[in-house]
Amino acid sequence: MINDSNNVLIISGTTILLFMAVGLIIFVIIYQQQQLKQKYEQQKAIQELKSEMQRQMLESALEVQEVERVRIAKDLHDEVGAMLSVTKMSFNQLLRKLDSAEDLAKMGKQTRELLEQSIGQVRRISKELVPSTLEEFGLILSIDEFIQKVHLASTTSFTFSHEGIAEKQRFDKKIELTIYRLIQELVNNALKHAEAQEITLKLTTKNNKIIFIFTDDGKGFDFTAIRNDPKSGLGLRNMESRLSVINGAINVQSSIGKGTTTTIEIPI
Amino acid sequence: MWERFIAMLSKNPLLLLASIITWLPIILAIYRRKNLTSELKILLFYLIIYTLFDISEWITASAKIHNAYLHNINEWVGMLICGWLYHKILTPSSIKQRAVIVLTLITVIISVFEFSWEEIAGYSFTINKVVIITFVFLHFHSIITEVKVSNIIQHPPFWISAAFLIFACGTLFIYLFWNHTISTTTQKEVFKLYGKISQMFFLTFIVLLSFAFIANKLAKRND
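Protein chains in written order, with the working numbering: chain E, 380 to 647; chain D, 347 to 569.
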């Protein structure tokens, strides 16, 4: 009798303990996986927040940069440009008095030409700092104006096409400014580093994205090497930074001696 | 002695299986000895010590020498190694680690007072099982709160704790009522029954410990 009741106690006690043990093991597995999942989600959220903060900081930095450019352009035009114009007028008066002395008059005319060139440079720099055509007439016309100026100043030929985009079509101001600045950077690189003779620009829209393709026939470069070099990759990284603010993407295909094709996609 | 040994084998196949299956994790561990973590090395040591005691018990049983004291010493040494193992598994310098040291010392002291040459030290074994269950709780609590383990199925200490938990819970009541289950005065049929139950839980224990070595192999492969 005693043994039977002991047996029942032992068996039932053991069974209960075993059920609890198995239950505990299963609970630990499930709970630990849930905790892990929560931890990963929290880390992901923190990472996204950090990325968003970085993006916002970059956007602010770019805005500050543009404001500074406007200020410099205004100062150049209003202060330096005005002083140069007054200097030119004063010099004209001086020249009239020197007409009788031939050699002095010749020197004076050369000096006046230099002054005119300086005034022209100041106007050009001021215009490049703040692309007023972009603001007033939109992307297509401002690109047209820019490449015409560059073509006049260099021997490089430009081909610009804009399928599916009307001449006066407008996009978000940030997008237009970003594309314009990127074109400035790309043209600058193509002329200075690649020594390109022909540059092609294509602007299209597809699947709610602006697609911009820039091709030059220049020297080409090792993209991976330049990208990773802290000294020479700055221009490329600046372009990537600008695009990251508007969720754009850049793809560069280049090899030594075979030119460069840069494709930029920006969601509208 | 040899005839008695053969007779014991034929009458207690489960006992033989339990002894043989102890070699499974040992072989797994020796095969992967270069990639063993420190906890698994301690576990291997535990299994080797257990096997040596097991062989001694077979020899003494075959020679009709009373070997309850061997079982008691085996349990005592096993408990020390288990304490060392959990000291290694738990976070260094934590309260849990210190608790493991204190509890292990308590079981050692109790084992000394409860030691018997003739009988299984049932109450000492019972306390050992309770302490092992406590170790497992502490470890599971660490797993849940610290969230450092990415894949618990491939985490060897988890399988070690699962093995110890199942074995301790399965045999706790057997040792608590040792007077009625595995004492020298217990009825033969009752003794055999609880002996078999105990061996079955031991088999489960060894299989789960083997998973610890397999999990280690999978974890290293994925690294």
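By construction, the Cβ of each residue, glycine as well, lies at the ideal position given by its N, Cα and C atoms.
Helix, strand or coil at residue i [DSSP, three-state]
{"i": "Met380/E", "result": "With a pLDDT of 45 at Met380/E, under the threshold of 50, the modelled position of that residue is not reliable, and the figure given next carries that caveat. DSSP places Met380/E in coil when its eight states are reduced to three."}
{"i": "Ala467/D", "result": "coil"}
{"i": "Leu693/E", "result": "Only positions 380 to 647 of chain E appear in this structure, which leaves residue 693/E out of reach."}
{"i": "Asp596/E", "result": "coil"}
{"i": "Phe513/D", "result": "helix"}
{"i": "Phe537/D", "result": "helix"}
{"i": "Lys542/D", "result": "helix"}
{"i": "Ile589/E", "result": "strand"}
{"i": "Leu487/E", "result": "The displayed chain sequence assigns Gly, not Leu, to residue 487/E. Reduced to three states, the DSSP call for Gly487/E is helix."}
{"i": "Asn413/D", "result": "coil"}
{"i": "Gly323/E", "result": "No information on residue 323/E is available, as it lies outside the stretch 380 to 647 that chain E covers here."}
{"i": "Thr383/D", "result": "coil"}
{"i": "Arg378/D", "result": "coil"}
{"i": "Ile394/D", "result": "helix"}
{"i": "Asp608/E", "result": "coil"}
{"i": "Leu436/D", "result": "coil"}
{"i": "Gly543/E", "result": "coil"}
{"i": "Asp551/E", "result": "coil"}
{"i": "Gly636/E", "result": "coil"}
{"i": "Asn386/E", "result": "helix"}
{"i": "Val493/D", "result": "coil"}
Contact test: residue i Cβ vs the ligand GTP heavy atom, cutoff 7 Å
{"i": "Tyr432/D", "result": "In terms of ligand content, the structure shown is empty, and the ligand GTP therefore cannot be addressed."}
Interface residues of chain E facing residue i [CB-CB closer than 7 Å]
{"i": "Ser544/D", "result": "Those within 7 Å of Ser544/D in chain E number zero; the least Cβ separation is about 10 Å."}
{"i": "Ile560/D", "result": "Result: empty, since nearest Cβ-Cβ is about 16 Å, beyond 7 Å."}
Residues bridged to residue i [DSSP beta-bridge criterion]
{"i": "Lys528/E", "result": "Paired residue(s): none; Lys528/E is not in a bridge."}
{"i": "Asn630/E", "result": "Thr642/E"}
{"i": "Glu577/E", "result": "Ser536/E"}
Selection from the options that minimises the alpha carbon distance to residue i
{"i": "Leu580/E", "options": "Phe516/E, Leu428/E, Ser497/E, Thr640/E", "result": "Thr640/E"}
{"i": "Leu513/E", "options": "Arg560/E, Thr490/E, Ser540/E", "result": "Arg560/E"}
{"i": "Ser496/D", "options": "Ile404/E, Asp383/E, Gln413/E, Leu397/E", "result": "Gln413/E"}
{"i": "Ile473/D", "options": "Met347/D, Arg567/D, Cys515/D", "result": "Cys515/D"}
{"i": "Leu554/D", "options": "Pro502/D, Ile411/D, Leu426/D, Val476/D", "result": "Pro502/D"}
{"i": "Gly614/E", "options": "Asn626/E, Val631/E, Ile625/E, Lys598/E", "result": "Val631/E"}
{"i": "Arg491/E", "options": "Leu556/E, Arg621/E, Asn471/E, Thr393/E", "result": "Asn471/E"}
{"i": "Lys571/E", "options": "Lys588/E, Leu582/E, Lys553/E, Thr535/E", "result": "Thr535/E"}
{"i": "Arg448/E", "options": "Lys416/E, Ile504/E, Glu619/E, Arg434/E", "result": "Ile504/E"}
{"i": "Ser540/E", "options": "Ala532/E, Asp596/E, Arg502/E, Thr583/E", "result": "Thr583/E"}
{"i": "Ser529/D", "options": "Glu464/D, Lys387/D, Ser408/D, Glu460/D", "result": "Glu464/D"}
{"i": "Gly541/D", "options": "Ile490/D, Phe399/D, Phe557/D, Tyr521/D", "result": "Tyr521/D"}
{"i": "Ile366/D", "options": "Gln500/D, Asp400/D, Glu385/D, His433/D", "result": "Asp400/D"}
{"i": "Leu370/D", "options": "Leu451/D, Leu393/D, Gly429/D", "result": "Leu393/D"}
{"i": "Val446/D", "options": "Lys387/D, Val482/D, Arg567/D", "result": "Val482/D"}
{"i": "Ala569/E", "options": "Lys585/E, Ser533/E, Thr557/E, Arg549/E", "result": "Ser533/E"}
{"i": "Ala628/E", "options": "Gly612/E, Pro646/E, Lys637/E", "result": "Pro646/E"}
{"i": "Thr480/D", "options": "Thr453/D, Ile498/D, Tyr469/D, Phe461/D", "result": "Thr453/D"}
{"i": "Gln496/E", "options": "Leu520/E, Gln426/E, Leu463/E, Glu524/E", "result": "Leu463/E"}
{"i": "Lys552/E", "options": "Ser521/E, Glu574/E, Gln527/E, Ile451/E", "result": "Ser521/E"}
{"i": "Glu542/E", "options": "Phe591/E, Gln576/E, Phe550/E", "result": "Phe591/E"}
{"i": "Phe406/E", "options": "Ile490/D, Leu539/D, Lys566/D, Thr532/D", "result": "Ile490/D"}
{"i": "His487/D", "options": "Ile404/E, Leu474/E, Asn626/E", "result": "Ile404/E"}
{"i": "Glu421/D", "options": "Thr532/D, Lys387/D, Glu460/D", "result": "Glu460/D"}
{"i": "Glu403/D", "options": "Leu361/D, Thr450/D, Phe471/D", "result": "Leu361/D"}
{"i": "Ala400/E", "options": "Lys475/D, Arg444/D, Asn525/D", "result": "Lys475/D"}
{"i": "Leu389/D", "options": "Arg444/D, Ile372/D, Phe519/D, Ile405/D", "result": "Ile372/D"}
{"i": "Ile552/D", "options": "Trp505/D, His526/D, Leu484/D", "result": "Trp505/D"}
{"i": "Gln563/E", "options": "Ser430/E, Gln435/E, Gln527/E, Asp457/E", "result": "Gln527/E"}
Amino acids of chain D, ordered along the chain, whose beta-carbon sits closer than 8 Å to that of residue i
{"i": "Gln412/E", "result": "Ile498"}
{"i": "Lys418/E", "result": "Val493"}
{"i": "Leu520/E", "result": "Per Cβ cutoff of 8 Å: no residues; Leu520/E is ~57 Å from chain D at best."}
{"i": "Leu396/E", "result": "Cys515, Gly516, Leu518, Phe519"}
{"i": "Leu415/E", "result": "Val493, Val495, Ser496"}
Whole-Å CB distance - residue i paired with residue j, under 8 Å assumed
{"i": "Phe602/E", "j": "Ser633/E", "result": "5 Å"}
{"i": "Lys547/E", "j": "Gly499/E", "result": "Lys547/E to Gly499/E, Cβ: 29 Å. No contact."}
{"i": "Ile427/D", "j": "Ile395/D", "result": "7 Å"}
{"i": "Ile578/E", "j": "Val566/E", "result": "7 Å"}
{"i": "Ser408/D", "j": "Phe351/D", "result": "4 Å"}
{"i": "Lys467/E", "j": "Leu493/E", "result": "Incorrect: roughly 10 Å between the Cβ atoms, too far for contact."}
{"i": "Leu431/D", "j": "Gln500/D", "result": "Not quite, the Cβ-Cβ distance comes to about 19 Å (not below 8 Å), so this is no contact."}
{"i": "Phe547/D", "j": "Thr517/D", "result": "5 Å"}
{"i": "Leu455/E", "j": "Val501/E", "result": "6 Å"}
Partners in chain E for residue i, counting only beta-carbon separations shorter than 8 Å
{"i": "Ala508/D", "result": "Ile404"}
{"i": "Phe551/D", "result": "Correct list: empty, because the minimum Cβ distance to chain E is about 12 Å."}
{"i": "Phe523/D", "result": "Asn385, Leu388, Ile389"}
Residues that residue i contacts on chain D, provided the C-beta gap is smaller than 9 Å
{"i": "Ala400/E", "result": "Ile479, Val482, Ala508, Leu511, Ile512, Ala514, Cys515, Gly516"}
Contact list for residue i against chain D, beta-carbon separation under 7 Å
{"i": "Val407/E", "result": "Phe486, Ile489, Ile490"}
{"i": "Ile392/E", "result": "What sits at residue 392/E in the sequence shown is Gly, not Ile. Here the neighbours are Phe519."}
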